[in-house]
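Student: This is the structure I want to talk about, given as structure tokens.
In our numbering, the protein residues as written are 872 to 1238.
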């Protein structure tokens, strides 16, 4: 599940990873304008007005950032955690879960964008984003498998190691990094191993699915940059295009492979003597939670710098693990907690170092 898109920029001899958010490129800060010193008293008054307007704009920006950031954090840590886990517990269908999320999100995104714009963007970017959408589909389906097999804790601790996989992929492609980058990833590797091995619900298939999901997310992060550059489509429209393509894949697999009768079960429960609408609630919640989380993700990432987003994302992952443990009575051992903290500290250290390296002039980075 991922949300920070790590896009590698590297030379043949030495490189750094530029952490950015897909669709978060560019400075979206709102400027109320400014003027070089005008003439006379009118100019001085205008300068004072500009100062007041700038102050108000900054205050509004801060307020909006806090509101959107809090909403994104809560939608991911609370709403998505409950909706996804409850859905999988009720229906037991990982493919159905993936199908519902992509179909629902594609429909909601099309409504939000408007039919004409949605059709235009899909026609313009479908071919370029097709490989990225395949990665998104694989990452989500494998994530659902991991949640069913091994639970929230192991799944999200393993997926916190996406920076490790990204660096590994860049090295395979010929990139080289400062030793500090490699050392910063060591705590994450050790923490993931410790938290996974000590978990009471450890399952080999689940761990493999979580690792494969993290790898698919890594390929998505890398390939999304090229698709965005080719089409000049990014952010929410890019997400809509990928959801449409992934919906097609999910539909084909959902109706051509054996899977639990998702909608039949929900309808039978609703028509039964108790008129139980809970299964339908879970279907709607799974789709809505996915859309809300990703929509707020793109808005929040445009308000803050990559490092702030990375720190918030680490806190979000920790909140998902803790809330999931409380909501579903998951016991966390001392080794579990040590591994979780160690893995997330490693990710934070990596992001701090990476931000320091990317802020240096490129001439120094490539020397």
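Ideal placement from N, C-alpha and C gives every residue a C-beta, glycine not left out.
Provide the residue span of the alpha helix (DSSP H) that contains residue 980, from first to last.
Tutor: Its alpha helix (DSSP H) spans residues 965-984.
Student: Starting from the C-beta of residue 992, find all residues in its chain whose C-beta is less than 8 Å away, skip the five residues before and the five after it, and write them out in chain order.
Tutor: In chain order, 984, 1104, 1108, 1111, 1112 place their CB closer than 8 Å to the CB of residue 992, counting only its own chain and leaving out the 5 sequence neighbours on each side.
Student: With DSSP as the reference, label residue 1031 as helix, strand or coil.
Tutor: coil
Student: Express the C-alpha separation of residue 1089 and residue 892 in angstroms, rounding to a whole number.
Tutor: A caution first: residue 892 carries a pLDDT of 35, below 50, which makes its placement in the model too unreliable to give a value.
Student: Between residue 1063 and residue 1031, how many whole angstroms is the CB-CB distance? I'm expecting something under 8 Å.
Tutor: 7 Å
Student: Using the Cα positions of residue 1205 and residue 1193, report the straight-line distance between them to the nearest angstrom.
Tutor: Distance between the alpha carbons of residue 1205 and residue 1193: 13 Å.
Student: Give the straight-line distance between the Cα atoms of residue 1139 and residue 959, rounded to the nearest whole angstrom.
Tutor: 18 Å
Student: When the Cα atoms are used, what is the spatial distance from residue 1147 to residue 1141?
Tutor: 5 Å
Student: To the nearest angstrom, report how far apart residue 1007 and residue 1050 are at their CA atoms.
Tutor: 31 Å
Student: Taking the beta carbon of residue 1187 as the centre, do at least 16 other beta carbons fall within 10 Å, making it buried, or is it exposed?
Tutor: Classification of residue 1187: buried, given that the 10 Å Cβ count is 16 or more.
Student: Between residue 1191 and residue 946, which are expected to be in contact by the criterion C-beta below 8 Å, what is the C-beta distance as a whole number of angstroms?
Tutor: The pair is not a contact, with the Cβ atoms about 11 Å apart (cut-off 8 Å).
Student: How would you label residue 937, buried or exposed, when you count the other beta carbons within 10 angstroms and need 16 or more for buried?
Tutor: Residue 937 comes out exposed.
Student: Kindly provide the ranges of any alpha helix (DSSP H) runs that are 4 or more residues long and lie completely inside the stretch 983-1051, ordered along the chain.
Tutor: Listed in chain order, they are 986-1030, 1033-1043.
Student: Could you tell me whether any Cβ in chain D is nearer than 8 Å to the Cβ of residue 1156?
Tutor: No chain D is part of this structure, which consists of one protein chain only.
Student: Count the other CB atoms, across all protein chains shown, that sit within 10 Å of the CB of residue 1020; report buried if there are 16 or more and exposed otherwise.
Tutor: Under the 10 Å beta carbon count, residue 1020 is surrounded by 16 or more other beta carbons and is classified as buried.
Student: Report the option in 970, 1101, 980 whose CA atom is closest to the CA atom of residue 1124.
Tutor: 970
Student: Flag this pair as yes or no: are the beta carbons of residue 1087 and residue 1029 separated by less than 8 Å?
Tutor: no
Student: Less than 8 Å separating the beta-carbons of residue 956 and residue 1199?
Tutor: yes
Student: Quick check: the stretch 1149-1160 against the stretch 1038-1047, are at least 3 beta-carbon pairs closer than 8 Å?
Tutor: no
Student: Identify which residue in 974, 1165, 1003 has its Cα closest to the Cα of residue 1115.
Tutor: 974
Student: Under three-state DSSP, which class holds residue 1132?
Tutor: It is coil, neither helix nor strand.
Student: So, using beta-carbon positions, are residue 1227 and residue 1058 closer together than 8 Å?
Tutor: no
Student: Compute the Euclidean distance between the alpha carbons of residue 1201 and residue 1022, then round it to the nearest angstrom.
Tutor: 9 Å
Student: Would you say residue 1214 and residue 1203 are within 8 Å of each other, going by their C-beta atoms?
Tutor: Contact: no.
Student: Can you find the residues in the same chain that come closer than 6 Å, C-beta to C-beta, to residue 1016, ignoring five residues on each side of it along the sequence?
Tutor: 965, 1080
Student: When the Cα of residue 1207 is compared with those of 1145, 986, 1061, which residue comes out closest?
Tutor: 1061
Student: Put residue 1203 into one of helix, strand or coil per three-state DSSP.
Tutor: coil
Student: Which two residues bound the contiguous alpha helix (DSSP H) that contains residue 1172?
Tutor: Secondary structure note for residue 1172: its alpha helix (DSSP H) is the uninterrupted segment 1149-1174.
Student: Would you decide whether residue 1185 is buried or exposed? Buried here means 16 or more other CB atoms lie within 10 Å of its CB.
Tutor: Per the 10 Å Cβ criterion, buried.
Student: Mind reading off the beta-carbon distance from residue 1052 to residue 1085? Whole number of angstroms is fine, and I expect it under 8 Å.
Tutor: With a Cβ gap of about 18 Å, residue 1052 and residue 1085 do not count as contacting.
Student: Can you list, in chain order, the residues of its chain whose CB lies under 8 Å from that of residue 1136, leaving out five sequence neighbours each side?
Tutor: 962, 1150
Student: Between the beta-carbon of residue 940 and the beta-carbon of residue 1131, is there less than 8 Å?
Tutor: no
Student: DSSP three-state call for residue 1108: helix, strand or coil?
Tutor: helix
Student: Quick one: measure Cβ to Cβ for residue 1157 and residue 954, integer angstroms, because I've assumed they're closer than 8 Å.
Tutor: 5 Å
Student: Could you check whether residue 987 and residue 1162 sit closer than 8 Å to each other, using their CB atoms as the reference points?
Tutor: Contact flag unset, no.
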